[in-house]
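Asks:
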Amino acid sequence: MKFTTKTMLLLLVALGINNSLSAQVKLPAPSSTQTIIQEFGLGKITLTYARPSVKGRKIFGGMEPMDKVWRTGANAATIITFTDAVKIEGQDLPAGEYGLFSIPNASEWTVIFSKTAKQWGAYTYDQKDDVLRVKVKTNVLKDKVETLTIQFANVTESKAQLQLTWENMSFAVNITTDVDAKAMANIAEAMKGEKKPYMQSAIYYFTNGKDLKTALGWMVEADKAEPKMPWTKLWLGKMQLKSGDKAGAAESAKAGIALATTMKNDEYIRLNTQLLAETKK
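What follows is the structure, encoded as structure tokens:
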């Protein structure tokens, strides 16, 4: 009985020591993680990376050697996901999830998209897993950037830049997508349906320089469906003016002002008033 009791006591002590060794304490991460979701074209780009800071160290050419593969962040390799196929610096990249690696250089930076997205650092990086490599110009910064920053900039419907800045260096990668072909195909398919997206389609045609006659015809149909909306009158008037019908545009603008006034919608009072002024030039 003594032996059994002693054994149990030793076991309990051992378990206590083990639990104390495995206890966790919540502390701030030295390199915080950031996830960015950028709508692009008809899809999305998601970027997840850990953000180290300079903290008085020499980064490029020091802590991160030149001409060596870098995880493009801290901790786990940076991951970038595209829901749609895109072009990177003019080269095709299929939709998918990629590890974003890079090779720093004083004049030309290599940016790598690897099919092996989830890995720690670049320790197991294998060039055979590269899906795409592009080279971009390295820019030298006058002012130091303390914390690694990756962002999407200069974003339009079909173009964007992936920009990286850290310490005194930066680069930008150009991303494009053929959104127009997809949008036109979507419009053509939607117009076969019972509920036709007249206004959306008309505005896309108008703002992207497509056939004006078609856009105006669709906008007339949209106005018939929603005759008491000041935004419908505005777009109808814009298309009438573009087609040379100043009188029709003025009439639409006046109707838009009246409707917006009733709704107490200052924005569309202003926009329709601007359109009315344009019809008098």
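Okay, so the sequence shown: first residue is 1258 according to the working numbering, each after it adds one. All residues carry an ideal CB built from backbone N, CA and C; glycine is no exception. Being a predicted model, the structure only gives us computed values, none of them experimental.
Between GLY1330 and LYS1312, what straight-line distance do the alpha-carbon atoms span, to the nearest angstrom?
Replies: For the purposes of this step, residue 1330 is identified with residue 73 of the sequence shown, where counting begins at 1. For the purposes of this step, residue 1312 is identified with residue 55 of the sequence shown, where counting begins at 1. Going by the C-alpha atoms only, they are around 15 Å apart.
Asks: In three-state DSSP terms, what is TYR1382?
Replies: Here the question's residue 1382 lines up with position 125 in the sequence shown. Correct three-state label for TYR1382: coil.
Asks: Using only the alpha-carbon positions, how far apart do MET1496 and GLY1378 sit?
Replies: One-based indexing of the sequence shown puts residue 1496 at position 239. One-based indexing of the sequence shown puts residue 1378 at position 121. Cα to Cα, MET1496 sits roughly 55 Å from GLY1378.
Asks: Can you tell me which of GLU1535, TYR1380, SER1310, ILE1444 puts its alpha carbon nearest to the alpha carbon of LYS1505?
Replies: The sequence position of residue 1505 within the sequence shown is 248, counting from 1. A small fix is needed here, since residue 1505 is Gly in this sequence, not Lys. If we check each option's Cα against that of GLY1505, GLU1535 comes out closest.
Asks: Could you tell me whether the Cβ atoms of ARG1308 and LEU1405 are closer together than 8 Å?
Replies: In the sequence shown, the residue the question calls residue 1308 occupies position 51. In the sequence shown, the residue the question calls residue 1405 occupies position 148. The answer is yes: Cβ separation under 8 Å.
Asks: State the DSSP-derived secondary structure class of PHE1260, mapped to helix, strand or coil.
Replies: Along the sequence shown, one-based indexing puts residue 1260 at 3. Because PHE1260 carries a pLDDT of 47, less than 50, the predicted location of this residue cannot be relied on, and the following value inherits that uncertainty. Three-state DSSP puts PHE1260 in a helix.
Asks: Would you kindly report the start and end of the unbroken alpha helix (DSSP H) that includes GLU1524?
Replies: For the purposes of this step, residue 1524 is taken as the residue at position 267 of the sequence shown. Residues 1523–1535.
Asks: Determine, using beta carbons only, whether PRO1316 and THR1338 come nearer to each other than 8 Å.
Replies: Against the sequence shown, residue 1316 aligns to sequence position 59. Against the sequence shown, residue 1338 aligns to sequence position 81. With the sequence shown as reference, residue 1316 is identified as Ile, and Pro is not the correct amino acid for it. Contact: no.
Asks: For the alpha helix (DSSP H) holding ILE1316, just list the boundary residues, first then last.
Replies: Counted from its first residue, the sequence shown places residue 1316 at position 59. Looking at the DSSP string, ILE1316 is not in any alpha helix (DSSP H), and its letter there is neither H nor E.
Asks: What does the alpha-carbon distance come out to for the pair LEU1528 and GLY1513?
Replies: Your numbering for residue 1528 matches position 271 in the sequence shown. Your numbering for residue 1513 matches position 256 in the sequence shown. Whole-angstrom Cα-Cα distance: 9 Å.
Asks: Can you name, in chain order, every residue of its own chain whose Cβ lies under 6 Å from the Cβ of LYS1490, other than the five neighbours on each side?
Replies: As a first step, residue 1490 is located in the sequence shown; it is residue number 233 there, counting from the start. Only SER1509, ALA1512, GLY1513 meet the Cβ criterion.
Asks: Do VAL1391 and VAL1368 have their CB atoms nearer than 8 Å?
Replies: Working through the sequence shown from its first residue, we reach residue 1391 at position 134. Working through the sequence shown from its first residue, we reach residue 1368 at position 111. Their beta carbons are under 8 Å apart, which means VAL1391 touches VAL1368 by this criterion.
Asks: Using a Cβ-Cβ cutoff of less than 7 Å, which residues in the same chain neighbour ALA1517 once the five nearest sequence positions on both sides are dropped?
Replies: Numbered from 1 along the sequence shown, position 260 holds the residue referred to as residue 1517. Contacts found: PRO1487, TYR1525, ILE1526, ASN1529.
Asks: Where DSSP assigns a beta bridge to ILE1336, which residues make up the other side?
Replies: The residue labelled residue 1336 in the question sits at position 79 within the sequence shown. Note: ILE1336 sits in a beta bridge opposite THR1305, GLY1356.
Asks: Since I believe THR1335 is in contact with ALA1352 (beta carbons under 8 Å), could you give me their beta-carbon distance rounded to a whole number of angstroms?
Replies: Along the sequence shown, one-based indexing puts residue 1352 at 95. Along the sequence shown, one-based indexing puts residue 1335 at 78. ALA1352 to THR1335, Cβ: 18 Å. No contact.
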